[in-house]
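Following: one structure in structure tokens, then a few remarks.
In UniProt numbering, the protein residues as written are 1 to 181.
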């Protein structure tokens, strides 16, 4: 067993939540393949770099892809969190969010909030934290979003120069007389 592979105790919690087909042979190397998936994401390497001790890289990738599409990892995470909660081992101090992975829409930076709503939010925060409003730093109030300038769109005024367009009948020269058509 490699240094960061799943221990026997961890595997006892994980294995019941991994799918096994109702018919056919049992997968012999499911634990090694699971460790291969973890190795790949822990190191950030490509699938082709997965060590041979976890099996062929294509098999490890296929197993991951099938499980991901079937929602196995989501179910596994929920089951392990429920198990930890049942044991009393869940705490929010264990939650960590790295700012490099948090994505926000470009328009999420400026939210239009009415003054009364912002005052109510500040009051709720004050009641929850127990700190008076005077001790808190001032909050930037945005009453309405600023319109974004739109780039000017240019209209094509000249006819295409391609001979193919002329031959296919897509282009017809404009008449000098506006009434002719």
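By construction, the Cβ of each residue, glycine as well, lies at the ideal position given by its N, Cα and C atoms. The structure displayed is predicted, hence computed values, not measured ones.
Taking residue i as part of the alpha helix (DSSP H), name the residues at either end of that continuous run.
i, result
"residue 12", "8-14"
"residue 124", "115-129"
Can you give the Cα-Cα distance for residue i and residue j, rounded to whole angstroms?
i, j, result
"residue 38", "residue 56", "15 Å"
"residue 34", "residue 78", "17 Å"
"residue 60", "residue 12", "20 Å"
"residue 70", "residue 129", "42 Å"
"residue 127", "residue 119", "12 Å"
"residue 17", "residue 117", "45 Å"
"residue 32", "residue 104", "37 Å"
"residue 14", "residue 84", "12 Å"
"residue 28", "residue 82", "28 Å"
"residue 75", "residue 40", "20 Å"
"residue 30", "residue 121", "50 Å"
"residue 4", "residue 19", "23 Å"
"residue 48", "residue 9", "29 Å"
"residue 2", "residue 52", "12 Å"
"residue 80", "residue 114", "42 Å"
"residue 72", "residue 36", "16 Å"
"residue 54", "residue 7", "15 Å"
Could you tell me whether the Cβ of residue i comes closer than 8 Å to any Cβ of chain C?
i, result
"residue 118", "Absent here is chain C; the protein component of the structure consists of one chain."
Checklist entry - Below 8 Å, can you find three or more Cβ-Cβ pairs linking the region 43-50 to the region 12-28? => result no
Checklist entry - What runs of the alpha helix (DSSP H), each 4 residues or longer, lie entirely inside the region 66-95? => result 72-86
Next on the checklist: Does the structure place the region 55-67 close enough to the region 81-88 that three or more beta carbon pairs sit under 8 Å?
Outcome noted: no
Checklist entry - What runs of the alpha helix (DSSP H), each 4 residues or longer, lie entirely inside the region 22-54? => result 30-43
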